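All residue numbers for the sequence shown refer to full-length UniProt numbering, where the first residue is 1 and numbers rise by one.
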Amino acid sequence: MFIKNNYFINRDFMFMVGQYDRNAKLCTLVKEQNRTFIVDRSPLEILNESIRCIGFNLKGAMETSKLLLGDKHMCPIMVNPIHNICVFPNKSSKHADTMWFNPDHIYRTNTLNGKARLEFTNGLIMTVPSKLYTFNHKLQTAEQFKKMVDGNGYDPLSSKKDPRKGA
């Protein structure tokens, strides 16, 4: 497995998780559709740098997520609204081993021994230490958030729908 100095989240991104190297430095294991590698940055650094390359930052992305979804914990984050790339964590981002998932690559979820079993679009199967209901709720919230950001007639500044749009 090779080590990259930098990484920007793209459409092939499936998930990432923090992992300490032999010098106790927090790095990140990244899984894309057709490759797996280590990045010499923490998951939060990768998120921030990926968001910064389109002119925003991680703090602003987190604030926007809370604005649109309400004051929820562990909100999904829009990494790139141009390509509609959103990620969500399986637990608080304060933990080094938090996994960040791209909902676009999760094909199916079910349960195995009380944990969430994920099947990805490329056929990869993995188990996540989370209850299926909890994981599916986060996945659904991320998909809802993507639709909100994608336009679909949602105006966060207006509490009323436009009757001319049939909603």
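For every residue, glycine included, the Cβ atom is placed at its ideal position computed from N, Cα and C.
Fair warning: this is a prediction, and the values are worked out from it, not measured in the lab.
Item, Value
"Report the three-state DSSP secondary structure of R11 (helix, strand or coil).", "coil"
"Please list the terminal residues of the continuous beta strand (DSSP E) segment that includes A116.", "115-120"
"Quick one: which unbroken alpha helix (DSSP H) runs of 4-plus residues sit fully inside the segment 15-75? Chain order, please.", "43-52, 58-69"
"Between the segment 120-134 and the segment 50-60, do at least 3 Cβ pairs fall closer than 8 Å?", "no"
"Does the Cβ of I77 have 16 or more other Cβ atoms within 10 Å, making it buried, or fewer, making it exposed?", "buried"
"Between the alpha carbons of N5 and I46, how many angstroms are there, rounded?", "10 Å"
"Based on DSSP bridge pairs, tell me the residues matched to P89.", "W100"
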